[in-house]
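Asker:
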């Protein structure tokens, strides 16, 4: 049995994250959740950069983002070596930066451990780095699906307006479905790209059943996911999308672009994929979901099939599974053996 250590005796880990509380994005949520999981026997502090703050007390580093945290990764390795250094790879790391950016590639070489957030992540790494990789699925608390009406299909997309999320695919699909008053499409996401914000407004004018709601608090977003009949996820690259696991944990099926990051979350045989950027294929899936609404309570049709497939994947995203994996990572970095009660 492990024991709970005092604050002074707890081991010290620094988590480098490009995003902190005010950013309220996936990096911040991951860093905050991992800090919570490691307490109380490992004291984790969050920082944008290293060296910064309690440098002399840090015993290991977990760095989110190979490119954006590259300077901190190099500084740690130069002072402490690679043995207590883990790098967590995001979607832009895996599917863009390590192929185009020398600093991101250097981070792979410097790290003693690499962490990917879905099961196909290791395949994107250079062959010589794969032995250092481990998969840690992120998690979301389970929530019950809220009551749904069969009168209309409520579709929801959660994704900031930026190129990596490919909101143009949703805009085009909404226009294709503009005459369907029985299909409502809501879109939550901040306007990170002014041109995409303008396109969202134009889509609202052309497709009256599409609504861009802008940025929303996390609790509001989760409740909208619970209410939705289906979540739409159009991204061009993902490391392991929070919103996908939040939908799965809420009993809400997903329509997702067929990209590596989504395949690694939902599985190769999932029935809700459409080719990335193909608005027509997405619109067709939405229509099939609408047509199958009346049959879902009987366990028939596409909505019922997608719901059942998501339920099969749900255990991967349970908080206890992520907590145990993060604690094993910290134990390995610190070389202490199990630090927590069995």
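Numbering (the working numbering), first residue to last: -4 to 337.
Backbone N, C-alpha and C fix where the C-beta goes; we use that ideal spot for every residue, glycine too.
1. At the level of alpha carbons, what is the spacing between residue -4 and residue 216?
2. For the beta strand (DSSP E) containing residue 180, list its first residue and its last residue.
3. Please determine if the stretch 245 to 265 and the stretch 173 to 188 are in contact, where contact requires at least 3 C-beta pairs separated by less than 8 Å.
4. Could I get the ranges of all uninterrupted alpha helix (DSSP H) runs contained in the stretch 41 to 79, with 4 residues as the minimum, in chain order?
5. Decide yes or no for the touch test of the stretch 90 to 102 against the stretch 200 to 215: beta carbon pairs closer than 8 Å, at least 3 of them.
6. Could you tell me the distance, in whole angstroms, from the CA atom of residue 283 to the CA atom of residue 272?
7. Would the C-beta of residue 43 count as close to the ligand PLP, meaning under 7 Å from any of its heavy atoms?
8. Taking residue 83 as the reference, give the member of 75, 77, 269, 59 with the closest Cα.
9. Could you name the residues of the same chain whose beta carbon sits closer than 7 Å to that of residue 232, not counting the 5 residues immediately before and after it, in chain order?
10. Can you say whether residue 31 is buried or exposed, counting buried as having 16 or more other CB atoms within 10 angstroms of its CB?
11. Please report how far the alpha carbon of residue 299 lies from the alpha carbon of residue 311, in whole angstroms.
12. In the DSSP assignment, find the alpha helix (DSSP H) that holds residue 287 and state where it starts and stops.
13. Quick one: measure Cβ to Cβ for residue 280 and residue 267, integer angstroms, because I've assumed they're closer than 8 Å.
14. Just how far apart, CA to CA, sit residue 296 and residue 148?
15. Excluding the 5 residues preceding and the 5 following residue 7 in the sequence, name in chain order all residues of the same chain whose CB lies nearer than 6 Å to its CB.
16. Hey, residue 224 and residue 288: beta-carbon distance below 8 Å or not?
17. Since I believe residue 249 is in contact with residue 228 (beta carbons under 8 Å), could you give me their beta-carbon distance rounded to a whole number of angstroms?
18. Ordered along the chain, which non-local residues of its own chain (more than five positions away) have a Cβ less than 7 Å from that of residue 72?
19. Starting from residue 150 and walking both ways along the beta strand (DSSP E), at which residues does that stretch end?
20. Return the CA-CA distance between residue 361 and residue 219, expressed in angstroms with no decimal places.
21. Return the chain-ordered list of same chain residues with a C-beta closer than 6 Å to the C-beta of residue 1, the five sequence neighbours on each side being excluded.
22. Provide the residue(s) that pair with residue 209 in DSSP beta bridges, ordered along the chain.
23. Out of 202, 329, 12, which one is the CA nearest neighbour of residue 171?
Answerer: According to the structure shown:
1. Confidence in residue -4 is poor, its pLDDT being 36 and thus under 50, which makes the residue's placement too unreliable to answer from.
2. It spans 178 to 183 - the beta strand (DSSP E) in which residue 180 sits, taken as one unbroken run.
3. no
4. 65 to 75
5. no
6. 19 Å
7. In terms of ligand content, the structure shown is empty, and the ligand PLP therefore cannot be addressed.
8. 59
9. Only 86, 87, 90, 91, 159, 254, 256 meet the Cβ criterion.
10. exposed
11. 20 Å
12. According to the DSSP assignment, residue 287 belongs to the alpha helix (DSSP H) that extends over 274 to 287.
13. 7 Å
14. Taking the straight line joining both Cα atoms gives about 14 Å.
15. Residues 38, 52, 53, 54 of the same chain have their beta carbon placed closer than 6 Å to that of residue 7, with the five preceding and five following residues left out of the count.
16. yes
17. 6 Å
18. 80, 105
19. 148 to 153
20. Since the first residue of the chain shown is -4 and the last is 337, residue 361 is not available in this structure.
21. Caution applies to residue 1, whose pLDDT of 49 falls short of 50 and renders its modelled position unreliable; the value that the coordinates give is listed next. So no residue of the chain qualifies.
22. DSSP lists 183 as partners of residue 209.
23. 202
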